[in-house]
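Numbering of the sequence shown is given in the working numbering, commencing with residue 892 and proceeding in unit increments.
Where a beta carbon is used, it is the ideal one built from N, C-alpha and C, also for glycine.
This structure is a prediction, so every number in the text was calculated from the model and none was measured.
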Amino acid sequence: MAQLGLIGLGKMGFNMRERLREAGHRVVGYDRNAEVSDVASLADLVAALEAPRVVWVMVPAGAATRQTITELAELLDEGDLVIEGGNSRYTEDAEHAELLGRRGIGYLDVGVSGGVWGKENGYGLMVGGSTADVERAMPFFDALRPEGPREESFVHAGGVGAGHYAKMVHNGIEYGLMQAYAEGFELLEASGVVQDVPGVLKAWQRGTVVRSWLLELLVEALENDPELAELEAYVEDSGEGRWTLEEAIDNAVPAPVISAALFARFASRQENSPAMRAVAALRKQFGGHTVKTKVTD
Ligand SMILES: O=C(O)[C@H](O)[C@@H](O)[C@H](O)[C@H](O)COP(=O)(O)O
């Protein structure tokens, strides 16, 4: 069995450590939160591993990932390998690979899908980097992915950046699928024709064309709260949808569904949209149509 250093023991990394250990690997985990960490510092993590080392970085994308990679470039030795599994923008991978490569340290970028259910169900993995590095990390990939044929949950998608590129597009698709289910849910609710809305979605889980894991998760959410009344209609985004659209524009690829899904999220954050106030004002101006005015006391 192989040994791995795992940096970042949050929602993803914590469960990944469990799954890797269950598969028999020796995992040394580091997190700023001492309660979950196996070692006190990055330097201690590096010292606890026998060379040549493999270190998996699973910290939030952006500044935290960049900082960790920069520190690792100092701490690790020639022949070691860094795997970056966060939801990073693929353009950052070339910089990370270059920084580490100068010290003779290998680099793989990995898109990891599966969320909080990954420990139980396994993670879908999309990898970018050299074939030799991918082969070296394969015991860890095999432990993390679901059982079954490798090619159904794992891909060596291309060179550095290809893993995160594949994950970016995956998440763009995720936005579109979620939005489609959500709009269907609202229409079922709004029409009043269907008496049992959660029941309809539940019945779509087997046999239908639109059955999917996302649908199952929606059914589960509705089981606890049939009208989702406990939630605010407010949706954040972490970047992947925006990057997907930027790529779509750069490549002149029409992506109307993903754009609509991203913009729906932006709209969800506006309590009183300036644009829609402008539309109301214009209808009033040219047509004398009624508008709603704010109640002030
Ligand atoms: O495949 C996955 O496991 C998910 O996509 C995961 O990566 C995460 O839940 C998204 O990053 C959320 O993305 P947004 O915050 O942009 O919705």
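>> If I follow the unbroken alpha helix (DSSP H) through residue 1171, where does it start and stop?
In response: Numbered from its first residue, the sequence shown carries residue 1171 at position 280. First-last of the alpha helix (DSSP H) with residue 1171: 1165-1178.
- [ ] Compute the distance between the beta-carbons of residue 997 and residue 1024, then report whether it is under 8 angstroms.
- [x] Counting from one through the sequence shown, the residue named residue 997 turns up at place 106. Counting from one through the sequence shown, the residue named residue 1024 turns up at place 133. Yes; because the gap between Cβ atoms is below 8 angstroms, this pair is in contact.
Ligand 1 heavy atoms versus the CB of residue 1180: any closer than 7 angstroms? Indexing the sequence shown from 1 puts residue 1180 at position 289. Residue 1180: no, Cβ never under 7 angstroms from ligand 1.
- Item | Distance CB(residue 910)-CB(residue 1034) smaller than 8 angstroms | On the sequence shown, position 19 is the one that residue 910 refers to. On the sequence shown, position 143 is the one that residue 1034 refers to. In this structure, residue 1034 lies closer than 8 angstroms to residue 910 by Cβ.
Quiz prompt | Whether residue 1000 touches residue 1054 by CB criterion (8 angstroms) | solution = The residue labelled residue 1000 in the question sits at position 109 within the sequence shown. The residue labelled residue 1054 in the question sits at position 163 within the sequence shown. Contact: yes.
Practice prompt. Output yes or no for whether 8 angstroms exceeds the beta carbon distance between residue 979 and residue 938.
Written response: Taking the first residue of the sequence shown as position 1, residue 979 is located at position 88. Taking the first residue of the sequence shown as position 1, residue 938 is located at position 47. No. Outside cutoff.
Next item on the list: My understanding is that residue 946 touches residue 971, with C-beta atoms under 8 angstroms, so please give their C-beta distance in whole angstroms.
Entry: The count along the sequence shown starts at 1 and reaches residue 946 at position 55. The count along the sequence shown starts at 1 and reaches residue 971 at position 80. In this structure residue 946 touches residue 971 by the C-beta definition: roughly 7 angstroms separates them, less than 8 angstroms.
Between the Cα of residue 1087 and those of 1010, 1118, 1177, spot the shortest distance and give me the residue it belongs to.
Translated into positions along the sequence shown, residue 1087 becomes position 196. Looking only at 1010, 1118, 1177, the smallest Cα-Cα distance to residue 1087 is reached by 1118.
Kindly give me the distance between the Cβ atoms of residue 936 and residue 898, rounded to whole angstroms, as I take these residues to be in contact under 8 angstroms. Taking the sequence shown and counting its residues from 1, the one referred to as residue 936 is at position 45. Taking the sequence shown and counting its residues from 1, the one referred to as residue 898 is at position 7. Right, their Cβ atoms sit about 7 angstroms apart.
_What residue range does the beta strand (DSSP E) around residue 946 cover?_
Taking the first residue of the sequence shown as position 1, residue 946 is located at position 55. That run of the beta strand (DSSP E) goes 945-948.
task: Examine ligand 1 and report whether any of its heavy atoms sits within less than 7 angstroms of the Cβ of residue 880.
output: With the chain represented from 892 up to 1188, any question about residue 880 goes unanswered, as that position is not in the structure.
- How about residue 1072 and residue 1106: are their beta carbons less than 8 angstroms apart? Locating residue 1072 in the sequence shown gives position 181, where the first residue counts as 1. Locating residue 1106 in the sequence shown gives position 215, where the first residue counts as 1. Contact flag set, yes.
Which residue comes first and which comes last in the alpha helix (DSSP H) that contains residue 1148? As a working mapping, residue 1148 is identified with position 257 in the sequence shown. 1147-1159 is the span of the alpha helix (DSSP H), which, as asked, contains residue 1148.
- Task: Go through its chain and collect everything with a Cβ distance to residue 1005's Cβ below 8 angstroms, but skip five positions before and after it.
- Result: Counting from one through the sequence shown, the residue named residue 1005 turns up at place 114. Cβ within range, chain order: 1012, 1013, 1014, 1015.
I'd like to confirm something about residue 1132: is its beta-carbon nearer than 7 angstroms to some heavy atom of ligand 1, or not?
Translated into the one-based positions of the sequence shown, residue 1132 becomes position 241. Yes, the beta carbon of residue 1132 sits closer than 7 angstroms to at least one heavy atom of ligand 1.
Notebook entry, point to check: Could you check where the beta strand (DSSP E) with residue 929 kicks off and where it finishes?
Noted result: The count along the sequence shown starts at 1 and reaches residue 929 at position 38. Where residue 929 is concerned, there is no enclosing beta strand (DSSP E), because DSSP gives it neither an H nor an E.
(Q) Assuming the contact rule is C-beta atoms closer than 8 angstroms, residue 1131 and residue 1063 should be a hit. Round their C-beta distance to whole Å, please. (A) As a working note, residue 1131 is residue 240 in the sequence shown. As a working note, residue 1063 is residue 172 in the sequence shown. Residue 1131 to residue 1063, Cβ: 7 angstroms. Contact.
- Query: Just the Cα atoms here: how many angstroms apart are residue 1009 and residue 1158?
  - Reply: Taking the sequence shown and counting its residues from 1, one reaches residue 1009 at position 118. Taking the sequence shown and counting its residues from 1, one reaches residue 1158 at position 267. The straight-line gap from Cα to Cα measures roughly 31 angstroms.
Practice task
Give me the Cα-Cα distance between residue 1094 and residue 1100, rounded to the nearest whole angstrom.
Solution key: In the sequence shown, counting from the first residue as 1, residue 1094 sits at position 203. In the sequence shown, counting from the first residue as 1, residue 1100 sits at position 209. Residue 1094 and residue 1100 have their C-alpha atoms roughly 12 angstroms apart.
* Considering residue 1059, what are the terminal residues of the alpha helix (DSSP H) in which it resides? -> Locating residue 1059 in the sequence shown gives position 168, where the first residue counts as 1. In the DSSP annotation of this structure, the continuous segment of the alpha helix (DSSP H) that includes residue 1059 starts and ends at 1053-1082.
Residue range of the beta strand (DSSP E) that includes residue 974: By one-based count along the sequence shown, residue 974 stands at place 83. Bounds of the beta strand (DSSP E) holding residue 974 are 972-975.
Checklist entry - Does DSSP put residue 1000 in a helix, a strand or coil? => result Along the sequence shown, read from residue 1 onward, the residue named residue 1000 stands at position 109. Residue state, collapsed to three classes: strand.
Thinking C-beta only, is residue 1007 closer than 8 angstroms to residue 976? Translated into the one-based positions of the sequence shown, residue 976 becomes position 85. Translated into the one-based positions of the sequence shown, residue 1007 becomes position 116. Between residue 976 and residue 1007, the CB-CB gap reaches or exceeds 8 angstroms.
Please say whether residue 1089 and residue 1122 have beta carbons closer to each other than 8 angstroms? Here residue 1122 is taken as the residue at index 231 of the sequence shown, counted from 1. Here residue 1089 is taken as the residue at index 198 of the sequence shown, counted from 1. Cβ distance not < 8 angstroms, so residue 1122 and residue 1089 don't count as in contact.
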